[in-house]
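Protein sequences appear in the order of chains E and P. So for the first sequence, UniProt numbering puts the first residue at 1; every next one is plus one. So for the second sequence, UniProt numbering puts the first residue at 1; every next one is plus one. Notes to accompany the following structure.
2 protein chains.
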Amino acid sequence: MENTHYQKLTKTFARLSRFSHLSAIAGWDMFAMMPPNGSKARSEALAEMSVLCHQILTSQEVARALSDAEQEDLNDLERANLREMTRQYQQAALLPESLVEAKSLAGSRCEHAWRTQRPNNDWQGFAENLKQVVKYSREEAALRAAQRGGSRYDALLDIYEPDMTSARLDALFGDLKSWLPDLLARATEKQAQKTLIAPQGPFPTAQQRELGLDAMKLLGFDFDGGRLDVSAHPFCGGVPEDVRITTRYNENELFSALFGVIHETGHARYEQNLPREWLGQPVALARSTALHESQSLFFEMQLGRSEAFLTRLLPHITARFGNQPAFERDNYIAWNQRVKPGYIRVDADEVSYPAHVVLRYEIERALIEGEIEVDDIPALWDEKMQHWLGLTTKDDYRNGCMQDIHWTDGGFGYFPSYTLGAMYAAQLFHAARRALPSLERDIANGDFTALFDWLRQNIWQHGSRFTTAQLVINATGEDLNPHYFRKHLETRYL
Amino acid sequence: MENTHYQKLTKTFARLSRFSHLSAIAGWDMFAMMPPNGSKARSEALAEMSVLCHQILTSQEVARALSDAEQEDLNDLERANLREMTRQYQQAALLPESLVEAKSLAGSRCEHAWRTQRPNNDWQGFAENLKQVVKYSREEAALRAAQRGGSRYDALLDIYEPDMTSARLDALFGDLKSWLPDLLARATEKQAQKTLIAPQGPFPTAQQRELGLDAMKLLGFDFDGGRLDVSAHPFCGGVPEDVRITTRYNENELFSALFGVIHETGHARYEQNLPREWLGQPVALARSTALHESQSLFFEMQLGRSEAFLTRLLPHITARFGNQPAFERDNYIAWNQRVKPGYIRVDADEVSYPAHVVLRYEIERALIEGEIEVDDIPALWDEKMQHWLGLTTKDDYRNGCMQDIHWTDGGFGYFPSYTLGAMYAAQLFHAARRALPSLERDIANGDFTALFDWLRQNIWQHGSRFTTAQLVINATGEDLNPHYFRKHLETRYL
Ligand SMILES: [Zn+2]
Ligand SMILES: [Zn+2]
Chain E
1 MENTHYQKLT KTFARLSRFS HLSAIAGWDM FAMMPPNGSK ARSEALAEMS
51 VLCHQILTSQ EVARALSDAE QEDLNDLERA NLREMTRQYQ QAALLPESLV
101 EAKSLAGSRC EHAWRTQRPN NDWQGFAENL KQVVKYSREE AALRAAQRGG
151 SRYDALLDIY EPDMTSARLD ALFGDLKSWL PDLLARATEK QAQKTLIAPQ
201 GPFPTAQQRE LGLDAMKLLG FDFDGGRLDV SAHPFCGGVP EDVRITTRYN
251 ENELFSALFG VIHETGHARY EQNLPREWLG QPVALARSTA LHESQSLFFE
301 MQLGRSEAFL TRLLPHITAR FGNQPAFERD NYIAWNQRVK PGYIRVDADE
351 VSYPAHVVLR YEIERALIEG EIEVDDIPAL WDEKMQHWLG LTTKDDYRNG
401 CMQDIHWTDG GFGYFPSYTL GAMYAAQLFH AARRALPSLE RDIANGDFTA
451 LFDWLRQNIW QHGSRFTTAQ LVINATGEDL NPHYFRKHLE TRYL
Chain P
1 MENTHYQKLT KTFARLSRFS HLSAIAGWDM FAMMPPNGSK ARSEALAEMS
51 VLCHQILTSQ EVARALSDAE QEDLNDLERA NLREMTRQYQ QAALLPESLV
101 EAKSLAGSRC EHAWRTQRPN NDWQGFAENL KQVVKYSREE AALRAAQRGG
151 SRYDALLDIY EPDMTSARLD ALFGDLKSWL PDLLARATEK QAQKTLIAPQ
201 GPFPTAQQRE LGLDAMKLLG FDFDGGRLDV SAHPFCGGVP EDVRITTRYN
251 ENELFSALFG VIHETGHARY EQNLPREWLG QPVALARSTA LHESQSLFFE
301 MQLGRSEAFL TRLLPHITAR FGNQPAFERD NYIAWNQRVK PGYIRVDADE
351 VSYPAHVVLR YEIERALIEG EIEVDDIPAL WDEKMQHWLG LTTKDDYRNG
401 CMQDIHWTDG GFGYFPSYTL GAMYAAQLFH AARRALPSLE RDIANGDFTA
451 LFDWLRQNIW QHGSRFTTAQ LVINATGEDL NPHYFRKHLE TRYL
């Protein structure tokens, strides 16, 4: 039997997926396992693979098969798969191999050097590498914008969030800016009336790890298809069949690693529940970065910091670390719901978090559009941090623009996903609660079956079958609406 | 400037080396990190990569460039590199892609299932998978033999030990068989006169790991370019820039993991000291598996179990585990030099070890030559174990032919390397002692500089520049001579 064009494409994309598997594991290893001297060879190996995948994806045979397959008789899922294939092809086809390789190498170099530059607060050294990354990202943005139309930054945004534009972001974030500063001030003021007892460490790493594993079990992480490890910056990597999440431990701080684990577990469960029978095909991939983030924030913020879940978690904490005044129920819940503007995005509470995102969004957009240069970042960062959170980062790069690695690998356009994710998470949790009247009680009892079934049926199992808008409308009855996020914050914090 | 054919080849082989890098790390991960459900996707990814590398290596451009480069003006090192490229090409070119892929898949499947089959003593289940592996290995051997001439088994042997033949092995192992049983009997008898005190556990895994790291430091392992982890079967993997060694821990047994680490450290130092400026090219690879094994056995047996080194190591052991009667110096040394025939090859002492190897050599040769079938293995194993070591493995597959994974991935032809390696190690240690009159004193003082410099200069830094015979003659003044191994065993054990 002759293969159809569509069938040939599924074979090519399955092959690409197998190559990505190796890159994903080697990439995880790079952050979680690799000793420093492996860096150069690893970067070169990953870059070589990235060039190969680019060649395969952008070959004339793929181009021709994509257009021929459009004429073939396909069912809905196949058609969605073809749509996602075409999207991947278009994203890749306009980048010359040399740019792909140069950008990948510059990114690895920048990230690797960052590991020692950050502790040394070495902005000059970091800026030099970052300039290379920005140079290639601007080239990429220009090429993409020339093809799609629209602005350069919008062209990068589209990689992570199909159908999202900076115009729409300006509206969404504009809405946020109109009420968030006031909400932040009121929440801080309200909390200032009560003095909280801080947990007293040390909390040994080994026990923190066990506590994280407890939480992962509670949240249904499949340990036969994934692992928990350590890296400087928590992430969720690997492949859907073998999901690798990481966190980092500070023996003086109990909850940072724990909620890092809960966050990554949200990402992991999305990956672990993508449609198994379609794995390896583009339609089986997670819908978008904002949707991915909505799952991690659903776990970390909507569920994880809810009174019901915190109550359910408390016995695990005292079982691992004994009792202490900070673990008295009301204090413990208030401690994990406290609002405290700080320097570090990944440690931020959910009320001040959007400030970090909007700040970066504004800087990275200006950077890509060529309105500012890398050397302008520290001053702008300081100014915006002062404006939003009343904190200065002058000369403190390690807690300012060098605090994490998103920009090191040229991931411009990614940051907005975090706050879009928070908005989606609030909207989804609202819909789940409506659908599941006994939700609060179930959570307090540690029974998450109905909630996770709801997520599986409404989000996880669909992969990329629907557009983000379709998926969210099917799940909640309407397109993205920031009202639910505002409502959530007001209910929890005011 | 136009590239020469030779230069084009170096680019292709560098590319292949980058792809191998990803496979090597993903392969290490598979044994040291991967959760069970990742197995299928990982096998498929590795198989896809193996097919790709096979395609690149056996392409017509490579074939043509190899023959054209022969006419070019090359220096000695380049010529050696070209010789090794040609060898790789010839090894690969006669295997059809479909066989490469089928063998790789069958091997991964067999290895993965073995992990649960071995604890269950499930020979039937294992045999079913192994038959597939043997089938493809026989096909491979037939194809290789048809091209090279010689027997089928010799064709597989040549993959691991260029220039080695079963005729020569029969002579070397025949010599061994003429004196080893007697030596084994006399050593056992001599040791029976003294009762030894066994170390009393438990020895917690975490401290055993620290002790292993102590030994690795002492032995010059570069931790900026490598790691120590855990796997069911100790191995040395990764890439020369990032060498991954593993061991396994038994809390009731102190020295098994430790000497596993010392063994793998020998492999690792060879890899870490291959010629840096040639990395990525075939000439920079380790010379052969027997030479590789000679380095690990040099570390584990020649050096590691010598009185001088054991004495140097003792304070590390008591620092980690306190004192106990078994750690009294004479008892401790005798304990680590005791001869005790047992079921498990990797736990065997160096006197009985060759019995394990000759047994497997005879079985695997017969298996590949089609003289026996997989179903015949257990009975033959039992018969030979009884003959050599007086032990029966009847119905005990887990401690018999299912004890390790060499055959699961079709690595037939590899086993003889272990005993060839032991012979090379003895010959090399003899030469090093001749060259370094203060060696014993240096070792007792923990000063291994001169010894490792000698190894670096004579073995490590040459990679595959010379043939095995040339390398050994340069280092020791003569070709492989089993006399030194016999001498070493007699001196230490009689
Ligand atoms: Zn996240
Ligand atoms: Zn070895």
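Even glycine gets a Cβ: it sits at the ideal position worked out from N, Cα and C. Please read all numbers here as calculations on a predicted model, not as lab measurements.
| said: Using only the alpha-carbon positions, how far apart do Ala-257 (chain E) and Ala-308 (chain P) sit? | reply: 47 Å
| message | If contact is defined by three or more beta carbon pairs under 8 Å, each pair taking one atom from either stretch, is the region 424-439 of chain E in contact with the region 113-133 of chain E? | response | no
| said: With H, G and I counted as helix, E and B as strand and the rest as coil, what does DSSP make of Val-230 (chain E)? | reply: strand
| request: With a cut-off of 6 Å, give the chain-ordered residues whose Cβ is closer than this to any heavy atom of ligand 1. | output: E:His-263, E:His-267, E:Glu-293, E:Ser-296
| query | Closest to Leu-99 (chain P) by CA distance: which of P:Gly-322, P:Leu-82, P:Leu-143, P:Arg-64 is it? | reply | P:Leu-143
| request: Name the residue from P:Cys-110, P:Asp-453, P:Glu-241 whose alpha carbon lies nearest to the alpha carbon of Gly-411 (chain P). | output: P:Cys-110
| said: Counting only C-beta atoms, is Asp-242 (chain E) closer than 8 Å to chain P at any point? | reply: yes
| message | Check whether the region 278-287 of chain P and the region 10-25 of chain P are in contact - that is, three or more C-beta pairs closer than 8 Å. | response | yes
| message | Looking only at its chain, what residues have a beta carbon closer than 7 Å to the beta carbon of Thr-318 (chain E), apart from the 5 residues adjacent to it on each side? | response | Phe-327
| field | Under 8 Å from the C-beta of Met-49 (chain E): neighbouring residues of chain B | value | The structure shown has no chain B; the protein chains it does contain are E and P.
| query | What separation, rounded to the nearest whole angstrom, lies between the Cα atoms of His-233 (chain P) and Gln-208 (chain E)? | reply | 29 Å
| task | Enumerate, from N- to C-terminal direction, the unbroken alpha helix (DSSP H) stretches of 4 or more residues contained entirely within the region 134-205 of chain P. | result | 152-160, 166-192
| Cβ of Ser-352 (chain E) versus every heavy atom of ligand 4: is any distance shorter than 7 Å? | Absent from the structure shown: ligand 4. Ligands present: ligand 1 and ligand 2.
| Asp-163 (chain E) classed as buried or exposed, judged by whether at least 16 other C-beta atoms fall within 10 angstroms | exposed
| said: Going by the DSSP bridge assignment, what does Asn-250 (chain E) pair with across the sheet? | reply: E:Glu-253
| request: Could you tell me the distance, in whole angstroms, from the CA atom of Ser-59 (chain P) to the CA atom of Tyr-484 (chain P)? | output: 44 Å
| field | Those residues which DSSP pairs with Cys-236 (chain P) across a bridge | value | P:Ile-245
| query | Can you give the beta carbon distance from Leu-169 (chain E) to Trp-335 (chain E), rounded, assuming they're within the 8 Å contact cut? | reply | Going by Cβ atoms, the distance from Leu-169 (chain E) to Trp-335 (chain E) rounds to 33 Å, so no, they are not a contact pair.
| task | Return the CA-CA distance between Leu-105 (chain E) and Met-385 (chain E), expressed in angstroms with no decimal places. | result | 31 Å
| field | Cβ-based burial, Phe-223 (chain E) [other Cβ within 10 Å; buried from 16] | value | exposed
| Any idea what DSSP makes of Ala-426 (chain P), helix, strand or coil? | helix
| task | Just tell me which of E:Gln-403, E:Gln-470, E:Asn-75 has its CA closest to the CA of Arg-118 (chain E). | result | E:Gln-403
| Hey, Thr-4 (chain E) and Glu-70 (chain E) are a contact pair by Cβ (cut 8 Å); roughly how many whole angstroms apart? | Thr-4 (chain E) to Glu-70 (chain E), Cβ: 12 Å. No contact.
| task | With Tyr-361 (chain P) as the anchor, note down where its alpha helix (DSSP H) starts and where it stops. | result | 353-368
| message | Using a Cβ-Cβ cutoff of 8 Å, what residues of the region 200-225 of chain P are near chain E? List them in chain order. | response | Asp-222, Phe-223, Asp-224, Gly-225
| task | Indicate the three-state DSSP secondary structure (helix, strand or coil) for Gln-281 (chain P) in the structure shown. | result | coil
| query | Which residues mark the beginning and the end of the alpha helix (DSSP H) in which Trp-28 (chain P) is found? | reply | 5-32
| task | For the alpha helix (DSSP H) holding Tyr-493 (chain E), just list the boundary residues, first then last. | result | 483-493
| message | Just to confirm, is the Cβ distance from Ser-417 (chain E) to Ala-290 (chain E) under 8 Å? | response | yes
| task | Using a cut-off of 8 Å between C-beta atoms, extract the partners of Pro-35 (chain P) located in chain E. | result | Phe-223, Asp-224, Gly-225, Gly-226, Arg-227, Asp-242
| Chain-ordered chain P contacts of Glu-44 (chain E) [CB-CB under 7 Å] | Arg-18
| Going by the beta-carbon positions, is the gap between Phe-235 (chain E) and Glu-264 (chain E) smaller than 8 Å? | yes
| task | Would you verify that the beta carbon of Val-239 (chain P) is, or is not, closer than 8 Å to some beta carbon of chain E? | result | yes
| task | Output, in chain order, the set of chain P residues within a Cβ distance shorter than 7 Å of Asp-29 (chain E). | result | Ile-25, Asp-29
| task | Just the C-alpha distance for Gln-470 (chain P) and Asp-479 (chain P), rounded to the nearest angstrom, thanks. | result | 8 Å
| said: If I measure Cβ to Cβ from Arg-312 (chain P) and keep anything under 7 Å in the same chain, skipping five residues before and after, which residues do I get? | reply: Ile-443, Ala-444, Gly-446
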